[in-house]
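Last residue of the sequence shown: 299 (this note's numbering), numbering continuous. See below for the structure under consideration.
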Amino acid sequence: MKSGIVAVVGRANAGKSTLINVLVGEKVAIVSPKPQTTRERILGVLTRDDYQIVFEDTPGIYKASSLLNERMQKSTELSVRDVDMILFVIDAHDGLKQEDLANLKKYAKGQIPLILALSKTDIMPKENIPELVRSFDGFEGINKIVSLSARRGKNIAKLVDEIVKLLPEGEKIYEQDIVSDRSERFMIAEIMREKILLKYDKEIPHGVAIVVNVFEKQPNGVYDVNLDIVCEKQNHKAILIGKQGQALKEVSSFARQSMEKFLGAKVFLTVYVKVKSDWRNDPTRLKEFGYGENELF
Ligand SMILES: Nc1nc2c(ncn2[C@@H]2O[C@H](COP(=O)(O)OP(=O)(O)O)[C@@H](O)[C@H]2O)c(=O)[nH]1
Ligand SMILES: [Mg+2]
Numbered sequence: 003m004k005s006g007i008v009a010v011v012g013r014a015n016a017g018k019s020t021l022i023n024v025l026v027g028e029k030v031a032i033v034s035p036k037p038q039t040t041r042e043r044i045l046g047v048l049t050r051d052d053y054q055i056v057f058e059d060t061p062g063i064y065k066a067s068s069l070l071n072e073r074m075q076k077s078t079e080l081s082v083r084d085v086d087m088i089l090f091v092i093d094a095h096d097g098l099k100q101e102d103l104a105n106l107k108k109y110a111k112g113q114i115p116l117i118l119a120l121s122k123t124d125i126m127p128k129e130n131i132p133e134l135v136r137s138f139d140g141f142e143g144i145n146k147i148v149s150l151s152a153r154r155g156k157n158i159a160k161l162v163d164e165i166v167k168l169l170p171e172g173e174k175i176y177e178q179d180i181v182s183d184r185s186e187r188f189m190i191a192e193i194m195r196e197k198i199l200l201k202y203d204k205e206i207p208h209g210v211a212i213v214v215n216v217f218e219k220q221p222n223g224v225y226d227v228n229l230d231i232v233c234e235k236q237n238h239k240a241i242l243i244g245k246q247g248q249a250l251k252e253v254s255s256f257a258r259q260s261m262e263k264f265l266g267a268k269v270f271l272t273v274y275v276k277v278k279s280d281w282r283n284d285p286t287r288l289k290e291f292g293y294g295e296n297e298l299f
């Protein structure tokens with residue numbers, strides 16, 4: 003039996019969370035085209051007869067502009083300590099950036115095996131892949147390079163093979179049927195945030211926290227969910243709600259459908275929008291919303 007922890011790192015938006023969802027075969031982390039979608043460390047577990055891989059999703063690497071961002075960055079840094087492997091993800095279609103190289107250098111210098119995943123190859127010309135792979139010639143500390151598409155499921159099995167080859171011998175870390183370390187209640191809040199990330203622009207989604215007040219399965223099988231969307235400013239609240247509540251109605255409806263798919267049951271969803279000014283820089287609020295100093299990892 004082989005087992006171990008694989009930290010998945012890389013720039014925001016590289017496709018880390020999408021890749022983990024595909025690897026473990028379930029939605030364990032939300033995904034959006036915007037940076038800062040993942041705010042904390044989330045584990046996704048893939049178990050087969052002869053191996054168990056524990057993937058650590060991380061918020062990614064970028065500069066911090068608020069106390070929340072600082073904590074997210076710290077969570078990424080702490081995640082890569084004491085792991086068995088690093089899976090460094092680069093958005094191949096976006097091309098290799100100076101920032102990627104600098105970060106890669108940082109992670110590749112250690113004793114920990116590192117696999118480089120070149121993601122999103124479905125939206126770039128195939129001919130460009132070999133050249134991109136060659137640009138890492140002579141780069142020390144990379145054990146293997148795998149080009150893949152999480153969206154199309156391309157080379158995912160190959161990536162798993164390469165990971166298993168480099169994993170140490172060991173027993174299972176999690177029970178056979180565990181796929182994530184997070185609760186359904188957590189995922190419900192994350193799904194709400196995902197739909198907000200997809201629907202609203204600029205600072206609005208980044209300034210939103212979700213507080214689940216009620217998460218209860220009724221005797222008839224329907225889930226009763228009551229949550230607050232907390233935003234930073236009164237004018238953000240107005241935008242979130244929209245004319246005659248239309249925007250909020252739409253985003254709640256999307257979220258409810260996604261929650262129902264995730265839970266495999268009907269959901270009765272009630273949503274309120276609240277304002278807590280500048281909560282992203284307020285240690286007490288951060289703690290209240292689950293982003294406390296020691297809570298993100
Ligand atoms: N075309 C394509 N898009 C992808 C792929 N993987 C991720 N994406 C998109 O890239 C964006 C960022 O993905 P996400 O997983 O949230 O990136 P993260 O910030 O690194 O976790 C989302 O819009 C995804 O749908 C892929 O293999 N192909
Ligand atoms: Mg992510």
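Backbone N, C-alpha and C define an ideal beta-carbon position, used for all residues, glycine too.
Count the other C-beta atoms from every protein chain shown that fall within 10 angstroms of the C-beta of residue i, then say buried if there are 16 or more, exposed otherwise.
i, result
"alanine 211", "buried"
"proline 61", "buried"
"arginine 13", "buried"
"serine 77", "buried"
"threonine 303", "Since the first residue shown for the chain is 3 and the last is 299, residue 303 is missing from the structure and cannot be characterised."
"methionine 189", "buried"
"alanine 285", "According to the sequence shown, residue 285 is proline rather than alanine. By the 10 Å Cβ count, proline 285 comes out exposed."
"alanine 257", "buried"
"isoleucine 125", "exposed"
"phenylalanine 90", "buried"
"alanine 159", "exposed"
"valine 2", "Since the first residue of the chain shown is 3 and the last is 299, residue 2 is not available in this structure."
"methionine 261", "buried"
"arginine 287", "buried"
"glutamine 54", "buried"
"threonine 49", "buried"
"serine 137", "exposed"
"valine 148", "buried"
According to DSSP, what are the bridge partners of residue i?
i, result
"serine 138", "For the record, residue 138 in the displayed sequence is phenylalanine; it is not serine. In DSSP, phenylalanine 138 forms no bridge with anything."
"isoleucine 193", "None; isoleucine 193 has no bridge partner."
"valine 227", "Phe217, Leu271"
"phenylalanine 57", "Val8, Gly46"
"serine 121", "Asp93"
"glutamate 171", "Lys4"
"valine 232", "Ala211, Lys276"
"lysine 146", "Ile117"
"methionine 87", "Val8"
"lysine 156", "Ser151"
"isoleucine 63", "Arg13"
Sorry if obvious, but does the Cβ on residue i come closer than 7 angstroms to a heavy atom of ligand 2?
i, result
"aspartate 59", "yes"
"lysine 18", "yes"
"threonine 39", "yes"
"alanine 31", "yes"
Any heavy atom of ligand 1 closer than 7 angstroms to the Cβ of residue i?
i, result
"aspartate 102", "no"
"valine 91", "yes"
"proline 207", "no"
"arginine 184", "no"
"serine 151", "yes"
"alanine 14", "yes"
"glycine 140", "no"
"glycine 223", "no"
"aspartate 124", "yes"
"glycine 62", "yes"
"serine 121", "yes"
"proline 115", "no"
"proline 35", "yes"
Cβ contact (3+ pairs, closer than 8 angstroms) linking the region 174-193 and the region 145-158: Between the region 174-193 and the region 145-158 there are fewer than three inter-stretch CB-CB distances shorter than 8 angstroms, so the stretches are not counted as touching.
contact_flag[the region 254-274, the region 211-231] where n(CB pairs < 8 angstroms) is 3 or more: Yes: at least three Cβ pairs fall under 8 angstroms.
Meets three-Cβ-pair contact criterion under 8 angstroms: the region 111-125 and the region 34-52: Fewer than three beta-carbon pairs drawn from the region 111-125 and the region 34-52 are found closer than 8 angstroms, and the two stretches are therefore not classed as touching.
Touching by the beta-carbon criterion (3+ pairs, under 8 angstroms), the region 110-123 and the region 84-101: Segments in contact, yes.
Given 8 angstroms, three or more beta-carbon pairs between the region 234-250 and the region 22-40: The answer is no - the region 22-40 does not touch the region 234-250, with fewer than three Cβ pairs under 8 angstroms.
Sufficient close CB pairs (3 or more, under 8 angstroms) joining the region 197-215 to the region 171-178: Fewer than three pairs of CB atoms, one per stretch, sit closer than 8 angstroms, so the region 197-215 makes no contact with the region 171-178.
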